Each structure stands twice: as structure tokens, then as C-alpha cells.
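**Q** Submitted below is the structure of interest, expressed as C-alpha cells.
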Amino acid sequence: MAEIVPTQGRYQDFHAFDLSGATRVLEWIGDKGILVAGYESLKKNEILHLILPLRLSVKENQGLFPERDFKVQHGGFSDRSVFDLKHVPDTRLLVTSGPPGCYLQVWQLAEDSDVIRAVSTIDVHESEGRLWPRVAVFPSVAPGILHGTRLSSLKVVDLDSQKTTYTSGVSDDDVLSSLQVLNTDTFAFCCSSGRLGLVDTRQKWAPLENLGPGPGSAGRRWCAEAGGRGPGPSIARLGSDGQLCLLDLRDLCQPVSSVQCPVSMPSPEPELLRVTWAPGLDNCLAISGFDGTVQVYDVTSWAGVGHQVEPLFTHRGHIFLDDSGMAPAPLVTTHTWHPCKPRTVLSAASDASLHVWDWVDPCASR
Amino acid sequence: MPEIRVTPLGAGQDVGRSCILVSIAGKNVMLDCGMHMGFSDDRRFPDFSYITRSGRLTDFLDCVIISHFHLDHCGALPYFSEMVGYDGPIYMTQPTQAICPILLEDYRKIAVDKKGEANFFTSQMIKDCMKKVVAVHLHQTVQVDDELEIKAYYAGHVLGAAMFQIKVGSESVVYTGDYNMTPDRHLGAAWIDKCRPNLLITESTYATTIRDSKRCRERDFLKKVHETVERGGKVLIPVFALGRAQELCILLETFWERMDLKAPIYFSTGLTEKANHYYKLFIPWTNQKIRKTFVQRNMFEFKHIKAFDRAFADSPGPMVVFATPGMLHAGQSLQIFRKWAGNEKNMVIMPGYCVQGTVGHKILSGQRKLEMEGRQVLEVKMQVEYMSFSAHADAKGIMQLVGQAEPENVLLVHGEAKKMEFLKQKIEQEFRVSCYMPANGETVTLPTSPSIPVGISLGLLKREMAQGLLPDAKKPRLLHGTLIMKDSNFRLVSSEQALKELGLAEHQLRFTCRVHLHDTRKEQEMAMRVYSHLKSVLKDHCVQHLPDGSVTVESILVQAAAHSEDPGTKVLLVSWTYQDEELGSYLTSLLKKGLPQAS
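Residue numbers (full-length UniProt numbering), protein chains in the order written: chain A, 1 to 366; chain X, 1 to 599.
In C-alpha cells:
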């Protein structure tokens with residue numbers, strides 16, 4: 001007998017969907033649409049532009065909207081796996097990246113139909129083995145695509161002219177794990193080793209840096225994200241063993257705090273590690289990539305090293321609703337916060353599930 | 001040229017009114033005859049002028065098939081059969097046959113009595129129309145005539161809904177109607193075998209959606225009902241007599257049992273009787289689970305759900321009531337609504353589409369002050385929720401069904417072409433089929449290559465193979481035989497066997513040609529010269545000079561004779577059988593050119 005999900009009172013809202021293929025990208029396009037893409041290696045993958053169910057987009061009178069379904073607004077096919085996807089703001093263009101990493105693909109959302117077409121490519125001159133370039137977009141009238149597999153291969157390419165407008169110019173071969181554009185001239189990078197920095201593209205390479213957590217971290221892989229609302233630290237660096245480090249922009253050398261998140265095991269796929277800051281809440285972040293859960297933390301009072309922390313909320317939907325039972329439990333591949341609704345999160349898992357959930361702050365309900 | 005033609009009927013670009021015309025191997029079938037609920041004039045009916053131009057409908061159409069009882073699939077049927085005029089057979093499943101007239105009459109009452117419409121079909125017309133119905137069973141092949149046959153498959157979606165296969169000889173079309181690929185609590189999922197039709201016609205209204213999981217929808221519904229009941233409020237769920245109501249009842253019953261809830265749930269009386277009656281009658285149409293449990297207890301006899309009495313509406317305390325009709329446009333549901341609307345603790349959950357003009361439609365548009373009869377204003381303070389429980393196939397479901405049936409072509413109806421280019425590509429790529437999306441009134445023509453199987457006799461086959469090389473896939477080899485067509489059976493046999501079987505003697509055809517040549521020599525010399533000439537030219541053939549003076553080339557005979565009147569002219573008689581036609585005519589033209597001068 002099919003089990004009804006018990007109303008635990010911890011979710012404000014919960015919607016579960018099944019995509020035709022699992023995605024490891026969730027990229028917003030406006031505040032009502034998201035882009036997902038498949039990452040299978042042996043078959044054609046779909047790139048989909050989905051419109052959020054109306055019910056989840058409106059703020060009032062939600063009850064009057066019966067539509068609980070995602071609408072496929074545009075769709076396209078990719079022969080390669082898509083590991084990263086970025087929308088070029090104020091355009092109908094997308095950039096995707098994935099193995100083999102010798103070029104980035106540029107796509108266009110058709111205006112007169114629902115097709116996503118491949119329009120051009122951006123060469124990545126140094127491509128090697130299993131590495132694939134991370135991508136970030138400098139939005140402007142002439143958008144620039146920031147990409148690279150290692151620090152040495154970091155460049156910015158003008159989307160229209162394909163001319164390289166910036167190169168790191170260094171020989172450091174640290175492998176990149178995260179790239180994030182912060183404003184028109186600055187971007188942040190994080191390497192798998194944990195080394196992270198902020199770069200001003202107007203200057204020759206001289207990043208504000210934190211060289212990483214140091215020795216003793218062999219085998220650990222890291223990723224990072226800058227963001228964070230509120231007065232506290234605004235950079236989070238997450239390790240594959242669950243270590244979470246918070247840093248302040250004003251002094252990158254000294255992490256503000258370093259904690260061990262209670263994860264059941266080290267991440268089986270460090271490439272899927274994700275740490276994101278909530279755009280609508282102060283000092284709130286979420287992590288995923290360890291198992292089938294997404295954990296939300298309030299980092300307000302975190303300080304020092306070795307702090308014991310507990311998540312504010314853990315989304316277990318991907319495990320709970322997994323019907324297969326026999327197959328290995330699904331792994332959350334990515335998650336993202338809703339740009340306008342403070343506690344709404346979208347998460348995707350390896351079993352092609354896509355969840356949209358709104359959690360209740362346990363502190364607030366007291 | 002054998003072809004299948006499909007024309008979706010209707011006026012303009014509209015979604016939700018189904019009526020499709022199919023021409024297959026000379027037979028014409030109408031699939032569904034739906035009404036558009038949003039219009040109150042002729043636009044609600046499909047445009048039948050497309051067919052009526054060709055003469056009487058009964059002569060033109062071989063049959064009409066109705067997939068299920070929803071009005072957007074059968075609502076125009078009485079108008080079509082009684083007002084436009086059609087007397088041929090109308091096929092549908094038994095539950096559809098039983099329920100259709102009830103819904104048609106219901107709708108007729110609203111249209112005519114409530115809204116005062118003219119030119120609408122009458123109750124008698126509904127009855128007369130239903131007299132033309134022939135009920136079909138699932139998976140039963142029904143012969144419409146000696147060439148056209150149809151078969152119904154389970155479609156899920158709603159009680160009695162079916163997908164239909166229409167077959168003429170080796171050509172077939174499958175029409176899905178509305179279907180659902182995920183089972184729910186009281187109906188199973190649609191299923192079809194690998195029937196490989198030339199064409200699969202499927203509705204694509206929800207093709208570009210990715211549906212929310214059933215569990216989440218149910219959870220949401222239960223949460224709302226539970227919260228309302230917990231705070232002492234009353235929940236009103238207006239429902240149509242048959243359809244989702246049964247599903248929601250089973251859901252609530254299960255939840256009440258599990259959570260040990262005490263608040264009463266009611267089902268308005270007329271509804272229970274009718275519903276129970278049909279569900280009991282059509283138990284094979286529900287899903288496996290219900291069939292199994294029915295033996296022990298009647299699944300539709302609920303422990304926690306009781307028959308409603310009008311007086312209960314005034315009882316204090318929480319309760320849940322299912323009442324008809326579904327759009328709050330009249331009857332019991334409207335009565336209850338008026339009593340409960342003023343209390344904000346209460347809730348009304350609308351489970352489906354509401355036609356413009358009904359109270360349901362008004363409150364869903366956000367109206368909170370309603371003008372009732374006698375200019376009374378009703379203030380709506382109760383919570384209004386809209387939950388769609390319709391069971392339709394989404395993009396994933398359509399792909400699943402196409403995968404099951406394995407058609408050669410797919411045709412999508414009721415979607416906007418521009419918004420379905422991606423789905424079209426997806427279907428074409430995944431299944432390597434052509435995908436069509438005609439607009440209303442547009443005809444799609446599909447060429448078909450019907451395959452006619454021919455059995456070849458073993459003897460003939462062996463003889464051909466004994467002749468040497470096996471046929472090359474790229475260079476087909478010609479073989480000669482006789483095609484015998486008897487009782488829809490085709491056989492290829494050798495000519496001798498054919499003659500034997502048919503008791504015929506073989507006739508030989510022989511051609512004779514006279515070639516006049518100027519030659520004064522004697523016939524025997526003539527023959528000799530002919531022989532030498534032919535021997536030198538036709539090196540690949542067997543040329544012989546026979547003792548009687550005649551010359552043979554293979555089986556062709558050449559004889560020289562004197563001209564009866566002119567001694568200077570000799571006549572060569574060239575004679576050959578039909579089989580040697582080519583060589584014979586070549587020989588003749590060669591001889592006509594004359595013989596070389598004697599050396």
C-alpha cells in the first residue's frame with residue numbers, strides 16, 4: 001500500500017518531480033525558470049528550460065492555483081554530458097561544459113519555438129583527460145565567459161568576438177573546483193586542494209588568497225561559495241569529509257571558523273559537493289553531495305575550530321521517496337535557493353528526482 | 001496509393017474538444033465527438049461541415065468511436081447524431097455507455113434550464129442517440145464490417161476509458177483518447193501491447209508538463225483537510241457524480257483509518273447510490289487491488305464515509321462533505337456552500353475545471369462577494385482551494401506509451417505546434433518515427449506500404465537455389481513463378497505446379513516471321529549461307545545446321561524457302577517460342593540486314 005508522506009510539520013511545502021534524466025545543474029533564468037541538463041555519457045542528454053509551477057511562483061492566494069506541475073518551456077539535445085551550465089543574463093544564451101573538456105558549447109533558447117539550439121563553441125585550448133572547465137559569466141553588454149580547468153588555464157573570452165580578454169598568466173597547475181563571478185571586475189576561485197582566492201581582472205594576477213587547509217588533507221577535495229547575507233563571514237569552503245570553513249573577505253588568511261558537519265560518510269563524489277548561501281536569510285547556508293540529503297545551517301554563532309554543529313533542517317525527501325529500494329540510495333547532485341522565497345530550496349538527485357521544498361524554521365515556530 | 005488520412009475537426013485553435021476523422025484503406029471513422037465547455041454557441045461543437053459536404057454522414061462514416069464519458073469527448077454526440085444526422089453504429093465501452101447519458105442530461109439541464117440556451121439537444125435526443133450505441137469489451141476484436149475491425153484497450157484515466165485500435169487488413173491506427181500511465185487508488189494504468197500500428201494518435205495537452213508526484217499532491221490535499229477539521233471547520237468538496245470522487249474517498253478513508261480521526265465524512269446520497277451501482281457493475285474496470293479486496297468487502301462501502309442528510313449541514317463541529325454538482329452551479333453542493341461560506345474556519349476544495357458563469361468559476365477567480373437569487377449578496381469568508389486531480393499522461397507518459405505500442409508514426413493532437421517542437425524531436429529521435437502535429441481542420445496524409453505476405457512453394461525455392469548463386473542483398477534475383485490468390489491466401493508456385501493444381505494444359509506460343517531476301521541461289525545454298533553467317537555472328541549461342549536443311553539457333557528454327565511468285569527472292573521462315581522472344585526478334589532484325597557476300 002503506497003505510503004502517504006506523514007505531515008511532520010517541518011515542511012511548509014514539498015513538491016517532488018521526476019525528470020527524464022538526472023541533472024547535476026540547477027541554474028536560474030529569471031526568478032520563475034530553471035535550467036536542468038543530463039549528464040549521461042552514452043546517450044543523448046536533454047537540456048530543459050522549466051517554468052516553476054505557478055503555485056510556487058505566486059506569493060498570495062496560492063490556493064487558487066491548481067497547477068503544481070513544471071512546464072517545459074524549451075528543450076534541446078546534447079551529445080555530451082553536461083556538468084556545468086550557466087545562463088548569460090539578459091540574453092537567450094547558455095554556456096555548457098562537460099567532458100571531454102576541449103570546448104564549451106553555447107546554446108540559444110529559440111524565440112519562436114520551444115527548441116534550444118547549439119549555436120557556437122568556445123575553444124578550450126588545453127584539455128586533458130577527465131578534467132573539464134568550470135564556467136562563470138561576466139554579465140555586461142558584451143558578456144565575458146570565464147573558464148578554466150587549472151589556475152594556469154583561467155581565461156575570460158568575449159562571447160561575441162571570441163577574443164580572449166583576460167588570462168591568469170600563471171603557471172600554477174592547481175585544479176579548479178569552483179568559479180564564481182562577484183562583480184564586473186572580480187571573480188572568486190577555489191581549487192580542489194582548498195586553495196581559494198579573489199581576483200581583480202583589471203590587475204595582473206595578484207589575488208587575495210587563502211592557500212588552503214594545509215597538509216593532513218590528502219585525499220580531501222574542496223569547493224567554495226561566496227555570498228551570505230548579514231554581517232558575518234561571507235565565504236564558505238566545504239571539504240569532502242564534511243569539514244566546513246568560513247572565511248571573511250576582509251582577512252582571507254584567517255578563517256573565522258572551521259567545523260565538522262555531521263555527515264554520515266565522506267562524499268562518494270567530491271565533484272558533486274555544493275555549498276550555497278541563502279540569498280534571503282542572514283547567515284544561512286546549505287550543503288549537499290554526501291548522500292541523499294541537503295542540510296541547512298545557521299552559522300550565526302559559529303566561531304573557532306572544532307565546533308559541534310547541528311543542521312537547522314535536513315531534507316530527506318530524496319531517500320524517503322526513493323521507490324527502488326534495491327538500487328544504491330540516490331545521491332543529491334545539486335541544490336539551489338529560490339531567489340525570492342527565503343526558505344524555498346530546489347534539489348536534484350542521481351535518481352532523476354527534482355524536489356522543491358520550503359522548510360519551517362524550528363526556532364521561529366517555538 | 002495506400003494512405004491513412006487524419007483530420008482533427010474543430011473551429012480554430014482550441015484545446016480540450018476532441019473529434020478526429022480518420023480515413024484508413026477506404027474506411028472512415030470518427031474518433032470522439034466532444035464539446036468545448038467554454039463556449040455557449042456553435043463554437044462549442046466540432047466543425048462537421050468538413051464531412052457533411054461529402055453527402056450523408058451515415059453513408060460516409062463507417063462508425064463513430066467514443067473513448068470515455070468526459071464531455072469534451074462525448075458532449076457533442078447527441079447533437080451530431082440527432083441534429084446533424086447520423087444513424088450508423090457508435091462504439092464505446094460498457095461503463096461509458098452507462099454513464100454518458102447521465103452526464104449529457106446533466107449538462108443539458110444546466111445549459112437549457114439554467115442558462116436558457118436554444119438550439120441544444122433534448123432529453124429524447126440523448127435517448128435516441130444512445131440507442132445507436134454498441135458496447136465493446138476490452139481486448140475483444142469487433143468486426144464493424146467484413147474489412148474494418150476495432151479493439152479497445154484499458155486507458156486508466158476514468159472509469160470505462162479506453163484506447164482504440166482501428167484495423168483494416170494490415171493497416172492500423174491506434175487512438176488513445178485520454179489516458180494515464182500511472183495507476184491511482186481506484187484505476188490501473190493504461191496498457192497496450194506491441195501492436196505496431198501504422199499510426200498512434202495521442203492527446204498532447206499535458207505533453208509539455210512534468211507532473212508533481214502523486215504522493216505530494218495527496219499529502220497537500222490531506223494536510224488541508226486535516227488542518228481545517230482540526231480547527232473545527234467544515235470542508236466542502238463539490239464533485240461530479242463519477243470520476244475523481246471515488247479516488248478522493250479512498251484516499252480520505254485510508255487517511256482517517258491511519259490517523260484514527262473521528263470527524264464525520266459524508267457523501268451526498270444520490271451520489272453514493274449511483275456511484276456504488278456503477279462501480280459494482282464495472283468492477284473489472286477498476287484496478288487489481290480493488291478487484292482483490294472486493295471479495296472480502298466492498299471497497300466502495302466505506303467505514304468512515306456515510307450517507308449525507310441535508311440536516312447534517314447545520315450540525316456543529318468539523319466534517320467533510322462530498323456533494324454534487326461539481327461546479328457549485330446548483331443543487332446540494334451550492335446549498336451547503338451558502339450555509340458554510342460565511343465562516344473563515346471552513347474550506348471549499350474545488351477539484352476541477354469550472355465553466356464560466358458558475359459559482360465555482362467565480363470564487364476561483366477570486367470573487368468574494370457573490371450575488372445570489374433575490375439580489376442577496378453572499379460574502380465568502382471560507383478558504384477557497386483549487387486542487388486538480390485529473391489523471392492525464394505527461395511527457396514521460398506519452399513516451400512510455402509510444403514505447404509500448406511501437407508505432408511507425410505518431411500524431412499529436414491538441415497542442416500548439418510551436419510549443420511542441422522539442423517533444424516532436426524527442427519522439428522522432430528516441431523511436432525513429434515521424435511525428436505530426438496537425439492544426440484543427442488540417443489533414444495529415446500518411447503514405448503506407450501495406451505488406452502482402454506471399455508463401456513460396458518449397459519446390460520452387462529449391463529449384464531456384466539449385467541454379468547456383470544465392471541472391472545478393474544488393475542485387476535481387478528475378479525468379480519466375482505463378483501467383484495463386486485463393487481465399488486471402490497468396491502462394492508463389494512453379495508454372496507446372498500451377499497448371500497441375502488448376503487442371504490446365506500448357507499452351508505453347510510460337511511466333512513466325514518471314515524475312516524476304518533477294519537471292520537467286522537455291523534454298524539449300526541459302527540455308528548454308530545463313531548457317532555460316534549466324535555461326536560467325538552468334539558465337540555465344542548454339543547454332544546448328546540440321547540434315548533437312550534448316551538452321552537452329554538454340555530453339556529457334558530458320559528455314560529457307562523459295563518465293564512462290566518471284567524466283568529471285570528467297571523467304572526465310574524464322575520461328576520461335578514465346579520464351580525466346582528476345583532472341584527471336586534479334587535474329588529477325590539481323591537477317592533483315594541481309595547476308596554477307598559470298599567469299
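Just so it is clear, CB atoms sit at the ideal spot from N, CA and C, and this is done for glycine as well. Since this is a predicted model, take the numbers as computed values, not measurements.
1) Under 8 Å Cβ-Cβ, which residues of chain X neighbour A16(A)?
2) Which residues of the region 417–446 of chain X have a Cβ closer than 8 Å to any Cβ of chain A? Give them in chain order.
3) V115(A) touches chain X at which residues, Cβ-Cβ below 9 Å?
4) Count the C-beta pairs between the region 191–203 of chain A and the region 163–179 of chain A that are closer than 8 Å, then say yes if the count reaches three, no if not.
5) Whole angstroms are fine: how far does the CA of F290(A) sit from the CA of E269(A)?
6) How big is the Cα-Cα spacing for E344(X) and S234(A)?
7) Say whether the region 350–367 of chain X touches the region 382–395 of chain X, bearing in mind that this needs 3 or more beta-carbon pairs closer than 8 Å, one atom from each stretch.
8) What residue does the alpha helix (DSSP H) around K44(A) start on, and which one ends it?
9) What residues from chain A crowd round K262(X), counting only those whose CB sits closer than 8 Å?
10) Give the secondary structure of A190(X) by DSSP, where H, G and I count as helix, E and B as strand, and everything else as coil.
11) So, using beta-carbon positions, are I65(X) and I150(X) closer together than 8 Å?
12) Counting only beta-carbon separations shorter than 8 Å, does R68(A) have a partner in chain X?
13) Counting only Cβ pairs nearer than 8 Å, list the residues of chain X close to P53(A).
14) Of all Cβ atoms in chain B, is any one closer than 8 Å to the Cβ of A330(X)?
15) Just to check my reading of the structure: M92(X) and L61(X) have Cβ atoms closer than 8 Å, yes? What is that Cβ distance to the nearest angstrom?
16) Can you tell me which of H277(X), V168(X) and V133(X) puts its alpha carbon nearest to the alpha carbon of D145(X)?
17) Does D566(X) pass the burial test, meaning 16 or more other C-beta atoms within 10 Å, or should it be called exposed?
18) Which same chain residues, not among the five before or five after S240(A), have their C-beta less than 7 Å away from its C-beta?
19) Quick check: what's the CA-CA separation for L71(X) versus P450(X)?
20) Since M181(X) and L401(X) should fall inside the 8 Å C-beta cutoff, what is the C-beta to C-beta distance between them, to a whole number of angstroms?
21) For the structure I just gave you, are there three or more beta carbon pairs, one from the region 422–437 of chain X and one from the region 392–411 of chain X, closer than 8 Å?
22) Please list, in chain order, the residues of the region 217–232 of chain A that have any C-beta partner in chain X closer than 7 Å.
23) On the three-state DSSP scale, how would you describe H318(A)?
24) In whole angstroms, give me the CA-to-CA distance for E442(X) and Y154(X).
25) Quick check on the burial criterion: 16 or more other C-beta atoms within 10 angstroms. Buried or exposed for P262(A)?
26) What does a CB cutoff of less than 7 Å around G243(X) pick up in its chain, not counting 5 residues either side in sequence?
27) Tell me where the alpha helix (DSSP H) around W357(A) begins and ends.
28) For chain X, find out if any of its Cβ atoms is closer than 8 Å to the Cβ of S20(A); answer yes or no.
29) Tell whether a beta-carbon distance below 8 Å holds between K204(A) and G148(A).
30) What is the rounded straight-line gap between the Cα of A11(X) and the Cα of I51(X)?
31) For the alpha helix (DSSP H) holding W107(A), just list the boundary residues, first then last.
32) Excluding the 5 residues flanking F121(X) on each side, which residues of the same chain have their C-beta closer than 7 Å to its C-beta?
33) On the DSSP bridge assignment, give the partners of K570(X) in chain order.
34) Would you call M327(X) buried or exposed, if buried means 16 or more other Cβ atoms sit within 10 Å of its Cβ?
35) Just reading off the alpha helix (DSSP H) that F221(X) is part of, what are its end residues?
36) Give me the subset of the region 68–94 of chain A whose CB atoms are less than 9 Å from a CB atom of chain X, sorted by chain position.
**A** Walking through what the data contain:
1) D212, S213, R215 and C216
2) K418, K419, M420, E421, F422, L423, Q425, K426 and Q429
3) E421, F422 and Q425
4) yes
5) 8 Å
6) 45 Å
7) yes
8) Unbroken run through K44(A): none, as it is neither H nor E.
9) Residues of chain A passing the Cβ test: none, with the nearest at roughly 18 Å.
10) coil
11) yes
12) yes
13) D212
14) Any reference to chain B falls outside this structure, whose protein chains are A and X.
15) Contact doesn't hold; Cβ gap of about 15 Å is too wide.
16) V168(X)
17) exposed
18) R220, R221, P266, S267, P270 and L273
19) 36 Å
20) 6 Å
21) yes
22) none
23) helix
24) 29 Å
25) exposed
26) V158
27) Note, W357(A): premise wrong, no alpha helix (DSSP H); beta strand (DSSP E) at S353 to W359.
28) yes
29) no
30) Residue placement at A11(X) is flagged as unreliable, the pLDDT there being 41, under the threshold of 50; a coordinate-derived value is accordingly withheld.
31) Segment Y103 to L109 is the beta strand (DSSP E) holding W107(A); no alpha helix (DSSP H) there.
32) P78, Y79, E82, M83 and R108
33) L517(X) and A562(X)
34) buried
35) K214 to E230
36) R68, D69, F70, K71, V72, Q73, H74, G75, G76 and F77
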